[in-house]
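Same order as they appear, the protein sequences are chains A and B.
Under our numbering, read the first sequence as residues -18 to 319, first letter to last.
Under our numbering, read the second sequence as residues 231 to 558, first letter to last.
The next block holds one structure in the form of structure tokens; read it before the comments.
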Amino acid sequence: MATPKRKLTTAKAISEAISQEMEADENVFVMGEDIAKLGGVFGTTTGLLDKFGPERVRDTPISETAFIGAAVGAAAAGMRPIVELMFVDFFGVCMDAIYNLAAKNCYFSGGNQPIPMVLMTSVGGGYGDAGQHSQCLYGTFAHLPGMKVVVPSNAYDAKGLMHTAVADDNPVIFMLHKNLQGMGWLGTVKNSIVDVPRETYGVPFGEAAIVREGKDITLVGLGVTVHMALDAAEALAKEGVEAEVVDLRTLVPLDRDTVFNSVSKTGRLLVIDDDYISYGVSGEIISSVAEQDSSIFKTSPQRIAFPDIPIPFTRPMEQFALPNKDKIFNAVKEMMKD
Amino acid sequence: MQADAKKQSWMYENMFKSRYYEECMEAAYLEGKQPVFNMANGPVPGEMHLSNGQEPCAVGVCAHLDADDAVFATHRPHHIAIAKGVDLKAMTAEIFGKKTGLSGGRGGHMHLFDTKVNFACSGIIAEGMGPAAGVALARKLRNEPGVAVAFIGEGAANQGGFHETMNLAAVWKLPFVCIIEDNAWGISVAKTDATAVPRNDVRAAAYGIPGEYVEGNDPLAIYDAAERAINRARAGEGPSLIEIETYRLAGHFMGDAEAYRPEGEKDGLLAKDPIPAFRKHLLDSGVINEAALKNIEGAMHAEVDEAFEFARAAAEPEPAEALEKVFA
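Structure below.
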């Protein structure tokens, strides 16, 4: 008998995935700030304390260097820690534990000491939380070698990618966009709340998803920008432009082939990223297509991303800087002239 | 409990081995770097932080440790690695950047990992603290025997990672010990200019745990203090903090002119070299006789020589192996 379908928010899908992983393997445990009694500031660890108790669901002091460093040690000693740090903006205070320890110890040990840990965080703005609580920093972590980087756009992918992340023997930075998680205190993009199977399943790393097919232009996004691209594609369809939308899903490993094959078909590439524009995801996507075969472009590839400014607080300024459906729509119209 | 004759002999053996190792390393390091010193040249490029003088810290602590116990050392790791039982040939080959090194040449002298004896180190000040606490947490969660020891320098006690980890280890009552090797210098900055308290053991009060300061770079006194802390950790009573007065008889790194040292300091320290002092103690107290000491010294010479010969003879890795082992 098929299980009845049910829609979940990304946060609920994540806590379900973690719960299933903890049931399956006693080496999986969770630690972080406000993850036990509160269930995570973004609800991604809801219910775990009641189910697994305080030894395996550990509230930490506000000591990121210590507990992320401890995750590295625990992972080296046979555990599979899932660590939550609520805002990616806070990674600055414990960056060494992430990029010098978690990311490098496997290499420094010649592969003898893998570090299987998941570092889960929330990214993104658009709700007036200003420049220390609204960054994405996808490019920063994807740039640094030794970490896998996951950015799901919906609850189904989030659960499957979490199962894959916990099973992976490497550090995984799991980046959840605040507009997609389904918190009571912040709006949620409706299309991120989708049918999620109850059972365990994996969504593989390094496989982008074509979430809408089209022949005229390739729109590449990740996390929340996938939904902006889908909205723009729908509006464009009414004007006879068929946009193909690619959801990257993971940045490390990056599925360059799917992007390239799509652009081979459409001849046009627009990348939409809510992280800073320079030296980041958008440049990487464009260059990886261009260096493979620049003759496939019917027009110069373009990108819409956050300008190289700290994220401003006030609504008019922040909304001016963020990508959105209209910016994508207008850019596509312009690109279709060639 | 005072170290018995066997332990004392083991401690001398490892101190002597470590010092001779550093002497051989110094000679190898200087090859290709004279008359003009260029860190990039010679069979061992890069920075080199020798541990001469700090051997008592390593042996006094590691005398209590088994292979299951984890040690995280610093950018100055050789004495601790040797006392922890790291594979000497593979370690030396690693420092020479060879294929048969601990990590095939990817880590070098500041990033030595020997998983068989649970040894690791890091080139970043105080950053062994968190991982050590993490191993301690894993041992506790898995009900496995074993404690974790983080060695840091006295300068590292001013790092956030020190405070954060001491507090975390104390809150969670982890089987963890922090050993501060106080060699009085953070590169060129004196402890008195960098640290608000004369002795870091008083900081243990901030975490509600025992703290001890061990004077005189004395291996037997270090042995006693470490025993108290490690027994406490093994008994599930939580972490401890020990600061050890030790001497850095070399520069911060090879090539350091040490002009910052007050005149006469270095000579005074060399006069207190712990290895001849411990040797004299062993003879005077009748723990071991001259012939037996000579035997130990000969065996250590042979073992270290063999490790260096192994490292020199080992093959270079294929350059493109650089692209491997980023991920497991």
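C-beta atoms are modelled at their ideal positions from N, C-alpha and C, and glycine is treated no differently.
Since this is a predicted model, take the numbers as computed values, not measurements.
On the DSSP letters alone, give me the boundaries of the alpha helix (DSSP H) that residue i sits inside.
{"i": "Ile310 (chain B)", "result": "His308 to Lys314"}
{"i": "Glu243 (chain B)", "result": "Ala235 to Leu260"}
{"i": "Arg462 (chain B)", "result": "Pro449 to Arg464"}
{"i": "Ala55 (chain A)", "result": "Glu45 to Ala57"}
{"i": "Arg369 (chain B)", "result": "Met359 to Leu371"}
{"i": "Val130 (chain A)", "result": "Where Val130 (chain A) is concerned, there is no enclosing alpha helix (DSSP H), although the beta strand (DSSP E) it sits in stretches over Lys129 to Val131."}
{"i": "Cys408 (chain B)", "result": "First-last for Cys408 (chain B): Phe406 to Asp412, but that is the beta strand (DSSP E), not the alpha helix (DSSP H)."}
Check whether the Cβ atoms of residue i and residue j lie closer than 8 Å to each other.
{"i": "Leu203 (chain A)", "j": "Ser134 (chain A)", "result": "yes"}
{"i": "Tyr80 (chain A)", "j": "Val262 (chain A)", "result": "no"}
{"i": "Asp236 (chain A)", "j": "Leu229 (chain A)", "result": "yes"}
{"i": "Leu320 (chain A)", "j": "Val177 (chain A)", "result": "With chain A covering only -18 through 319, there is no way to say anything about residue 320 (chain A)."}
{"i": "Gly441 (chain B)", "j": "Asn413 (chain B)", "result": "no"}
{"i": "Val131 (chain A)", "j": "Thr231 (chain A)", "result": "yes"}
{"i": "Leu523 (chain B)", "j": "Pro469 (chain B)", "result": "no"}
{"i": "Leu82 (chain A)", "j": "Ser352 (chain B)", "result": "yes"}
{"i": "Glu261 (chain B)", "j": "Pro273 (chain B)", "result": "yes"}
{"i": "Phe23 (chain A)", "j": "Met156 (chain A)", "result": "no"}
{"i": "Phe10 (chain A)", "j": "Leu398 (chain B)", "result": "no"}
{"i": "Ile96 (chain A)", "j": "Val53 (chain A)", "result": "yes"}
{"i": "Lys346 (chain B)", "j": "Ala544 (chain B)", "result": "no"}
{"i": "Gly376 (chain B)", "j": "Ala300 (chain B)", "result": "yes"}
{"i": "Asp256 (chain A)", "j": "Cys117 (chain A)", "result": "yes"}
{"i": "Arg293 (chain B)", "j": "Met231 (chain B)", "result": "The residue asked about is misnamed: residue 293 (chain B) is Ala in this sequence, not Arg. Contact flag unset, no."}
{"i": "Pro549 (chain B)", "j": "Gly335 (chain B)", "result": "no"}
{"i": "Gly391 (chain B)", "j": "Gly50 (chain A)", "result": "yes"}
{"i": "Gly283 (chain B)", "j": "Pro504 (chain B)", "result": "yes"}
{"i": "Thr46 (chain A)", "j": "Glu394 (chain B)", "result": "yes"}
{"i": "Ile266 (chain A)", "j": "Gly248 (chain A)", "result": "no"}
Using only CA atoms, which one of the options lies nearest to residue i?
{"i": "Gly106 (chain A)", "options": "A:Val252, A:Val205 and A:Glu2", "result": "A:Val205"}
{"i": "Glu473 (chain B)", "options": "B:Gly481, B:Ala380, B:Ile312 and B:Lys555", "result": "B:Ala380"}
{"i": "His144 (chain A)", "options": "A:Asn160, A:Val184 and A:Met164", "result": "A:Val184"}
{"i": "Met359 (chain B)", "options": "B:Leu471, B:Leu280 and B:Glu445", "result": "B:Leu471"}
{"i": "Met269 (chain B)", "options": "B:Ala323, B:Asp486, B:Met231 and B:Ile505", "result": "B:Asp486"}
{"i": "Arg284 (chain A)", "options": "A:Ser276, A:Gly264 and A:Arg(-13)", "result": "A:Gly264"}
{"i": "Glu357 (chain B)", "options": "B:Lys403, B:Arg369 and B:Ala303", "result": "B:Ala303"}
{"i": "Tyr137 (chain A)", "options": "A:Ala(-2), A:Asp319, A:Lys306 and A:Ile277", "result": "A:Ala(-2)"}
{"i": "Phe343 (chain B)", "options": "A:Ile174, A:Ala57, A:Ser259 and A:Gly13", "result": "A:Ala57"}
{"i": "Asp110 (chain A)", "options": "A:Ile292, A:Asp307 and A:Glu4", "result": "A:Ile292"}
{"i": "Val240 (chain A)", "options": "A:Lys219, A:Pro234, A:Val227 and A:Leu100", "result": "A:Val227"}
{"i": "Gly528 (chain B)", "options": "B:Glu467, B:Gly390 and B:Glu243", "result": "B:Glu243"}
{"i": "Gly446 (chain B)", "options": "B:Gly498, B:Leu318 and B:Ala459", "result": "B:Gly498"}
{"i": "Asp423 (chain B)", "options": "B:Asn388, B:Val444, B:Val517 and B:Ala400", "result": "B:Asn388"}
{"i": "Pro35 (chain A)", "options": "A:Ile154, A:Met128, A:Asp6 and A:Ala17", "result": "A:Ala17"}
Considering only DSSP beta bridges, list what residue i is partnered with.
{"i": "Ala216 (chain A)", "result": "According to DSSP, Ala216 (chain A) bridges with nothing at all."}
{"i": "Leu251 (chain A)", "result": "A:Leu200 and A:Gln283"}
{"i": "Leu100 (chain A)", "result": "A:Val64 and A:Ile154"}
{"i": "Val270 (chain A)", "result": "Partner(s): none; Val270 (chain A) has no beta bridge."}
{"i": "Phe89 (chain A)", "result": "According to DSSP, Phe89 (chain A) bridges with nothing at all."}
{"i": "Met12 (chain A)", "result": "A:Arg39 and A:Val64"}
{"i": "Ile174 (chain A)", "result": "Beta-bridge pairing links Ile174 (chain A) to no other residue."}
{"i": "Cys351 (chain B)", "result": "B:Ala303"}
{"i": "Glu442 (chain B)", "result": "B:Ile472"}
Over what stretch of residues does the beta strand (DSSP E) that includes residue i continue unbroken?
{"i": "Arg433 (chain B)", "result": "It is not in any beta strand (DSSP E) - Arg433 (chain B) carries neither H nor E in the DSSP assignment."}
{"i": "Pro62 (chain A)", "result": "Arg61 to Phe68"}
{"i": "Arg193 (chain A)", "result": "Ala190 to Arg193"}
{"i": "Thr231 (chain A)", "result": "Thr231 to Val233"}
{"i": "Phe310 (chain A)", "result": "No beta strand (DSSP E) holds Phe310 (chain A); the alpha helix (DSSP H) holding it covers Lys306 to Met316."}
{"i": "Ser470 (chain B)", "result": "Ser470 to Glu475"}
{"i": "Val184 (chain A)", "result": "Counting along the chain, Val184 (chain A) falls outside any beta strand (DSSP E), and DSSP gives it neither H nor E."}
{"i": "Val227 (chain A)", "result": "Ala224 to Asp228"}
Taking Cβ-Cβ distances shorter than 7 Å, what residues in chain E pair up with residue i?
{"i": "Ser44 (chain A)", "result": "Absence of chain E from the displayed structure is noted, the protein chains being A and B."}
Within 7 Å of chain A by C-beta, residues of the stretch 401 to 412 of chain B in sequence order: Val401
**Prompt:** Listed in chain order, which residues of the stretch 114 to 129 of chain A have Cβ atoms closer than 7 Å to some Cβ of chain B?
**Reply:** Pro126 and Gly127
Interface positions of the stretch 353 to 376 of chain B facing chain A (Cβ-Cβ less than 9 Å), listed along the chain: Gly353, Ile354, Ala356, Glu357, Gly358, Met359, Gly360, Pro361, Ala362, Ala363, Gly364, Val365, Ala366, Leu367, Ala368, Arg369, Lys370, Leu371, Arg372, Glu374 and Gly376
- request: Using a Cβ-Cβ cut-off of less than 7 Å, list which residues of the stretch 324 to 340 of chain B approach chain A; keep chain order.
  value: Leu332, Ser333, Gly334, Arg336 and Gly337
>> For the stretch 29 to 41 of chain A, list every residue whose C-beta sits within 9 Å of some C-beta in chain B, in sequence order.
In response: Glu36, Arg37, Arg39 and Thr41
(message) Taking beta-carbon pairs under 7 Å, can you tell me which members of the stretch 53 to 82 of chain A lie near chain B?
(response) Val53, Gly54, Ala55, Ala57, Ala58, Gly59, Met60, Asp77, Ala78, Asn81 and Leu82
Item to complete: Give the residues from the stretch 252 to 281 of chain A that approach chain B closer than 9 Å (Cβ to any Cβ), ordered along the chain.
Response: none
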